[in-house]
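Start counting the sequence shown at 719; every next residue gets the next number (our numbering). Following: one structure in structure tokens, then a few remarks.
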Amino acid sequence: MAALFVMLAACGPRPDMASQPFRNPDAPIYSSAVLEPDRMAGRWVQVAGFGNGALTCGPGEVIIADGEIRWSLCLDQPQNGTGALVPGKQGRFGVADMQDWWVLWVDGDYRTMVIGTPSGQFGFVLNREATLPADRARAVGDIFDFNGYDPGALQVF
């Protein structure tokens, strides 16, 4: 009888893995209250992100200038776009065709930025250089963990 239940369960619909969140949606999440948006301007390299299975795309890039944003990110699959970067509450931004970006943390020199969203559908790390130093990599893991993400699922490029 137990085998029958297993077989029936296997025939049922599979969950959409792309819609599975990377964070506990019941956990608190915080955006950076001390963020200085003007210091976000310039080029950023995506050095890590969350994905279901192995990420099949490489590091992405984000360019912020004059209130506009252009992105090419690896978030399970390549995602590209351009548009206005719309400020919301402190540390939160509207980005065209995406859920709001919450800046969970940025280091004091604006070299590394951690982006997440309350739904946990994505999370990624931007850095000014293509390599993330070990001290900031540890901080990134701690920040994601603090905000309900599973830092063990973060994939570094």
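Note that the Cβ used here is the ideal one computed from N, Cα and C, for glycine as well.
* Asked: Quick one: any contact between the stretch 842-861 and the stretch 797-805, if contact means 3 or more CB pairs under 8 Å?
  -> no
* Could you give the uninterrupted runs of the beta strand (DSSP E) lying entirely in the stretch 735-806, keeping only those of 3 residues or more? -> 760-768, 779-783, 786-793, 795-805
* Less than 8 Å separating the beta-carbons of A823 and S750? -> Sequence check: residue 823 is Trp here, not Ala. Their beta carbons are under 8 Å apart, which means W823 touches S750 by this criterion.
* Buried versus exposed call for R856 [16 or more other C-beta atoms within 10 Å across all chains shown] -> exposed
* Asked: Helix, strand or coil for G870 per DSSP?
  -> helix
* To do: Report the residue from T830, R810, S790 whose alpha carbon sits nearest the alpha carbon of P851.
  => T830
* Asked: Since R741 contacts Y828 with CB under 8 Å, what's their CB separation in whole angstroms?
  -> About 24 Å separates the two Cβ atoms, so there is no contact after all.
* Asked: What residues are listed by DSSP as bridge partners for N845?
  -> V763, T830
* To which residues of the same chain is P777 closer than 8 Å at the C-beta, ignoring the five residues directly before and after it? -> V763, Q764, V765, C792, A848, F875
* **Contact set for P796: own chain, Cβ-Cβ below 6 Å, skip 5 residues either direction** => C775
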